[in-house]
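There are 2 protein chains.
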Amino acid sequence: MIVSALLTSVGINTALCVLFFACYSILRKQPSNYKVYVPRLLAEGISKRKKRFKLERLIPSPDWVAKAWKLSEEELFSLAGLDGVVFIRTITFCLKIFTFAGIIGILVLLPVNCWANQMQDFDLADFADNSLDVFTISNINSGSNWLWVHFFAVYIVTGFICLLLHHEYKYIASKRISHFYSSKPQPHQFTILVRSVPTSSGCSVSDSVESFFREFYPSTYLSHVVVRHTSKIRSLLNESKNLYQRIAQLRSDPSQRRHKLGDCFGQNDKLVDHYRKQLEDIEENVRLEKSEASLAGEEARAAFVFFKSRHSAATASHMQQSVNPTQWITEPAPEPRDVYWPFFFESFMRRWISKLLAIVATISFTISFLIPVVIVQGLVNLDQLEVLFPSLTSILTIKFVTQIITGYLPSLILQLFLKVVPPVMRLISSIQGYISSSNIEISACNKVLSCTIWNVFLATVFSGSLLNKLSLILDLKAIPWKLAVSVPAQASFFITYVVTQGWTSVLSELFRVIPLIGSLISKPFTSHEHEIDVPSIPYHRDVPRVLFFGLLGITYFFLAPLILPFLLAYFCLAYIIYRNQFINVYAPKYETAGKYWPIVHNTMIFSLVLMQIIAAGSFALKKLQPASAWMLPLPVLTLLFNEYCRQRFLPIFIAYSVDSLINKDREDQKDTGMAEFYGKLVIAYEDPALLPIQYSSNSDSLITPLLS
Amino acid sequence: MIVSALLTSVGINTALCVLFFACYSILRKQPSNYKVYVPRLLAEGISKRKKRFKLERLIPSPDWVAKAWKLSEEELFSLAGLDGVVFIRTITFCLKIFTFAGIIGILVLLPVNCWANQMQDFDLADFADNSLDVFTISNINSGSNWLWVHFFAVYIVTGFICLLLHHEYKYIASKRISHFYSSKPQPHQFTILVRSVPTSSGCSVSDSVESFFREFYPSTYLSHVVVRHTSKIRSLLNESKNLYQRIAQLRSDPSQRRHKLGDCFGQNDKLVDHYRKQLEDIEENVRLEKSEASLAGEEARAAFVFFKSRHSAATASHMQQSVNPTQWITEPAPEPRDVYWPFFFESFMRRWISKLLAIVATISFTISFLIPVVIVQGLVNLDQLEVLFPSLTSILTIKFVTQIITGYLPSLILQLFLKVVPPVMRLISSIQGYISSSNIEISACNKVLSCTIWNVFLATVFSGSLLNKLSLILDLKAIPWKLAVSVPAQASFFITYVVTQGWTSVLSELFRVIPLIGSLISKPFTSHEHEIDVPSIPYHRDVPRVLFFGLLGITYFFLAPLILPFLLAYFCLAYIIYRNQFINVYAPKYETAGKYWPIVHNTMIFSLVLMQIIAAGSFALKKLQPASAWMLPLPVLTLLFNEYCRQRFLPIFIAYSVDSLINKDREDQKDTGMAEFYGKLVIAYEDPALLPIQYSSNSDSLITPLLS
């Protein structure tokens, strides 16, 4: 790719950025879009819908940028929890390392690449026609001593990143602990989940749980709630919710509707009556099912067990309860709001099999995802495309079209396909038998990350057929060499990838394209102000995205330092936009208290080792053997550093220690409100399906319009 | 190799077997050898040294075989603990699977190999000159449908082995639990070890431990013992022991000595006085060191902490104690007799570094061990040797010499080198920071196992230079193919390996060659009857040895079924001989309650998967693609089976469950002797170096000869 193609791409995207920012500034002020752009503020009652029209609504203003910029970490913590803080710190972490790497890359490596020992002259006169390869390491002669500059850059940047990683791990671990110390008593701290409860004949699951914990935890056991099979009730409730909404739609604005539909008014009333009858039937069914569910027969072999102290709950969740390790399996309970009720596998075998299925599904999805990647590669290698479709030759000779196709289209197609990955992976994780949304999203996050790295990075890098790729991967010895050959060759693709995929993805996050379209379509039919659905940030989509750009930056910083300014622009955009979204849009659905950080840390270590392997391969390829050999201690040191961090910090993210648990428990003993808390504890883990019906045919909002 | 060379080797070894058995029968009856052959009985006082000579002493008798054969599992358990039972069950397990595989192999596979579609005619007339390859799978034509017989044999044997593995795992797990239930209160069940104890200034380790456990385990904490640095005292005590023995030697039989040395008598007395003075000096030093060691300055940052119940000790050892995971590291304490005092690393970093060093040492030792393997290979390939050393040609033309060299010498050399592996690996494991001999031996067992498999099996199989080998291993895709080519080619080597290495190793175990030689050399200088050193069985040497033959059998049963009868003979010998040694020689030094079984299980699974990969490669090599393809589900199923066993049984071998701990604790509460037990508990974990001096200059045995 030549410089002008890149400039085209950058130009289009910069224009898009400005346009999107301006549009957003205007759109977010329209009361009709409040539900899309400030649902959180609406739900909290901070922002009221102003009906009066003002001119300033139509003038773009940058005040939201200033607001997002000024947000302190404490405010962010109160808004988005520790997970939000960790997410933003991931972005600032990337900003820090790429500022540092950028200074080295642009001021030292780029001039070296361009002017030292050039194979290809950097042509200042005809700047735009230069190949991008002029700016990469490929431009340096074999055996040139200038490569030692790259060598030291790799060492220095690795050292800097490791230092920063250690600092961040320590900081977030301390945040996690202080968050625990400062938190009020929370139900999940006093609760464990027990699964695979064995039952003898004539003895219900509830009795079994009661007698087991009364026997072995006599002084600390409080009570328990048995989980019930409620899939039927859940589907009925969904049906009733749909019906309710349909009725509500029909009733929503009778005057307007009458005006529009005219003669259909009678029919409308008939429909409503029909739906109401259906709703009543379903309610009857739900009531029947509920009374059945409360019988012993519908008990799942799982229960939430409550304890009097955090320490005893933690102890019970850590220890193997039964001689048979496949029975009485305990684990810490998730927050009540975080419980994932639909897939409540209680038996050991079923969970095991579903886990295996999930692994198989993940691997086959990841591999089959190569197809779009191959399409994208075809577009980058236009020559191949011309051979395949000779009819395109005439179009492809137009310079602008070629530049669009090679510079913009490939990564746009890839981006569209990548949009599918997070929801699919979340689905796979949800059938894996996790009991909480947080665990599902953490697991999905890992899956999305490996799928993205594999497909976008490794598969793009190792060009060739699918089988060819697999056989390359199996030949471990050849990997550094292959990486060194193919990674620098893909530099121009990834530079445009950052500009297109990166910038547009973060802009579409700001613009909330899909919710906006959804709201535009559904607007005529809804008018319920009371029901505002505040979304939560899909960490399993956004964490891998940010981390993937981190990976790109780390691996390419010494190969093609030109990528760094574009990456910095991406992270700056992300920094402002995500902070803005935390203020206006997202409300946390759960609190893992920083459990995403180990994923960030591991990915950074992986990126570093990958970069070091590529560096070793590159120096060998450039026939600078000593540099290649001296590169080998670096991955070893990096992995040792990682192992140290794993020992030093990881346990803090897995469980709380005895001293903090007991200290916290003792604090509570002074608290007079604990009796009340224990009372509430028992009802905290009620299955939402068993709560009183929310969408009833007798509910106010359905009756009100009838009266009006 | 041809049949006659094998027969030579078998002949030599069978003769050796008979000879050794006869010699053993005679030697074990000589009172002077009691210390070598029945130290256990001597120590228990069952066998007395009979001074009177009887003729029957010189006639070999097989009564010991009958005695070993009749031993029941309960008796074995009482003699050698659960570990001994597990070891013998490993041998019977191998006997069972190789009987089953042997029936299939000899009755079905061997005839198929010999007569079906032979490439090379099996020549009954000149039986001895047939190549051993006639009996292997190599003899079958490419694409022959007879290979399906091998295919089904692999499936059937895999199924049989998995069934048996499941049964054994279940049986040994139940034995472990019932052993726990039937055991009396033991100190290590109530004790944890805490390391990396942080100390503040002006506060001793002891105070720190006391205050921590008093605060967080107020109701269950009993007391503690701080570990002290005693390496100086230990070396002084060793010195004093040596001096003591030297004096005792000089004094042992003054009359005899006077007779022999005549004029030296005066000098002898002088020497004794000199040594006594030295001994007194050392004792003085020891006393000084001991009083110093009891001061706070010599405290290690580690302590044994005692609890009132098993459950609370288990809880404390399972949970992370401190917010900083590198402090207050707890683990279950080993049995008092099992504690390994010399390397008591207390700090987190020091243990971490020593662990890394141990890994590096293991890997480099394993790789450098290839040198003897290459020598052995040279002997097998005589042609290469002749090229290297032309002078040998004349000797090598003699048929008998050639047969000895190719059939016997290579595996003998390998055996001698392999003798070095277990002690070296034990040394490496001991610096790794384990606190108990049992853990050291379990870790050494794993190391010896991987070293043996790597060096003897994989490295012998992949012939070529060291670098060549490494590059082959890195090319994952080519491995099944390479294995399929080279493993059958080494069949004859491994058949003779079983006959020589296997049979002689187990015979030398019976004969106790090294202790016998040691006793013959030291006999003239010792006469202390009271000091009998009952050895313990070195599991880290014997478990890998037995398992390696299991691996050989499993991988070769379908390639060269001829190996099976020799293997069965080996396991029969091992069965009788090890049972005999448990009765007469070894006393258990520790009780891991069956923790060696998971190692056995894992090795069997590894063997199965290796065999299946070789099978898939062989069928592909023989151009029977469908059989090769249908072989692929088998390793997947085997690994799934292993994963199931890991989930179902492994936790039982790691820790005891809450219900068994609490039930056992409740049993104790009825016991009136618990107060006394708690009292003893505190002194159970005294460092032996701090106990009263055993070899004192004032002790009776030194004074008695002076008075006589």
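Residue numbers (the UniProt record's numbering), protein chains in the order written: chain A, 1 to 708; chain B, 1 to 708.
The beta carbon of each residue, even a glycine, is placed where N, CA and C say it ideally should be.
Here the structure is a predicted model, which means the values were calculated and not measured.
Going along chain A, which residues have a C-beta under 7 Å from residue i?
{"i": "residue 321(B)", "result": "657, 658 and 659"}
{"i": "residue 593(B)", "result": "Result: empty, since nearest Cβ-Cβ is about 14 Å, beyond 7 Å."}
{"i": "residue 662(B)", "result": "216"}
Anything in chain B within Cβ reach of residue i, meaning under 9 Å, just list it in chain order.
{"i": "residue 648(A)", "result": "324, 325, 326 and 348"}
{"i": "residue 352(A)", "result": "643, 644 and 647"}
{"i": "residue 583(A)", "result": "Per Cβ cutoff of 9 Å: no residues; residue 583(A) is ~32 Å from chain B at best."}
Can you give the Cα-Cα distance for residue i and residue j, rounded to whole angstroms?
{"i": "residue 620(B)", "j": "residue 627(B)", "result": "8 Å"}
{"i": "residue 13(A)", "j": "residue 451(A)", "result": "26 Å"}
{"i": "residue 494(B)", "j": "residue 405(B)", "result": "15 Å"}
{"i": "residue 666(B)", "j": "residue 39(A)", "result": "58 Å"}
{"i": "residue 299(A)", "j": "residue 205(A)", "result": "7 Å"}
{"i": "residue 62(A)", "j": "residue 688(A)", "result": "42 Å"}
{"i": "residue 212(A)", "j": "residue 309(A)", "result": "18 Å"}
{"i": "residue 433(A)", "j": "residue 140(B)", "result": "49 Å"}
{"i": "residue 609(A)", "j": "residue 639(A)", "result": "8 Å"}
{"i": "residue 4(A)", "j": "residue 503(A)", "result": "19 Å"}
{"i": "residue 72(A)", "j": "residue 509(A)", "result": "22 Å"}
{"i": "residue 138(B)", "j": "residue 152(B)", "result": "18 Å"}
{"i": "residue 60(A)", "j": "residue 164(A)", "result": "38 Å"}
When the Cα of residue i is compared with those of the options, which residue comes out closest?
{"i": "residue 542(A)", "options": "571(A), 324(A), 161(A) and 557(A)", "result": "571(A)"}
{"i": "residue 158(A)", "options": "647(A), 535(A), 362(A) and 615(A)", "result": "615(A)"}
{"i": "residue 334(B)", "options": "191(B), 513(B) and 88(B)", "result": "191(B)"}
{"i": "residue 506(A)", "options": "567(A), 623(A), 477(A) and 559(A)", "result": "567(A)"}
{"i": "residue 65(B)", "options": "688(B), 605(B) and 582(B)", "result": "582(B)"}
{"i": "residue 366(B)", "options": "574(B), 446(B) and 602(B)", "result": "446(B)"}
{"i": "residue 2(A)", "options": "399(A), 70(A), 176(A) and 324(A)", "result": "399(A)"}
{"i": "residue 709(B)", "options": "286(B), 224(B) and 207(B)", "result": "Because chain B is modelled from 1 through 708, residue 709(B) falls outside the range shown and cannot be assessed."}
{"i": "residue 21(B)", "options": "576(B), 680(B), 635(B) and 410(B)", "result": "576(B)"}
{"i": "residue 497(A)", "options": "216(A), 390(A) and 564(A)", "result": "564(A)"}
{"i": "residue 485(A)", "options": "103(A), 671(A), 613(A) and 189(A)", "result": "613(A)"}
Anything in chain B within Cβ reach of residue i, meaning under 8 Å, just list it in chain order.
{"i": "residue 314(A)", "result": "319"}
With distances taken between CB atoms, is the gap from residue i to residue j smaller than 9 Å?
{"i": "residue 318(B)", "j": "residue 220(A)", "result": "no"}
{"i": "residue 557(A)", "j": "residue 101(A)", "result": "yes"}
{"i": "residue 312(B)", "j": "residue 657(A)", "result": "no"}
{"i": "residue 488(B)", "j": "residue 136(B)", "result": "yes"}
{"i": "residue 228(B)", "j": "residue 690(B)", "result": "yes"}
{"i": "residue 586(A)", "j": "residue 304(A)", "result": "no"}
{"i": "residue 539(B)", "j": "residue 87(B)", "result": "yes"}
{"i": "residue 717(A)", "j": "residue 624(A)", "result": "Because residue 717(A) is not part of the residues shown, which for chain A are 1 to 708, the question remains open."}
{"i": "residue 109(A)", "j": "residue 149(A)", "result": "yes"}
So residue i contacts chain B; which residues on that side make the cut at Cβ distance below 7 Å?
{"i": "residue 651(A)", "result": "320 and 325"}
Just to make sure I have the definition right: I need the residues of chain A whose C-beta is within less than 9 Å of the C-beta of residue i. Which are they?
{"i": "residue 177(B)", "result": "323"}
Would residue i count as contacting chain E if we go by Cβ distances under 9 Å?
{"i": "residue 640(A)", "result": "Given the protein chain composition of this structure (A and B), no chain E is represented."}
Problem set entry | Inter-stretch contact (C-beta, 8 Å, three-pair minimum) for the stretch 545-557 of chain B and the stretch 442-457 of chain B | yes
Exercise. Counting pairs of Cβ atoms below 8 Å between the stretch 274-282 of chain A and the stretch 237-252 of chain A, do you hit three or more?
Worked result: yes
Exercise. Quick check: the stretch 176-184 of chain B against the stretch 324-332 of chain A, are there 3 or more CB pairs under 8 Å?
Worked result: no
For this session: Please determine if the stretch 428-440 of chain B and the stretch 572-592 of chain B are in contact, where contact requires at least 3 C-beta pairs separated by less than 8 Å.
Result: yes
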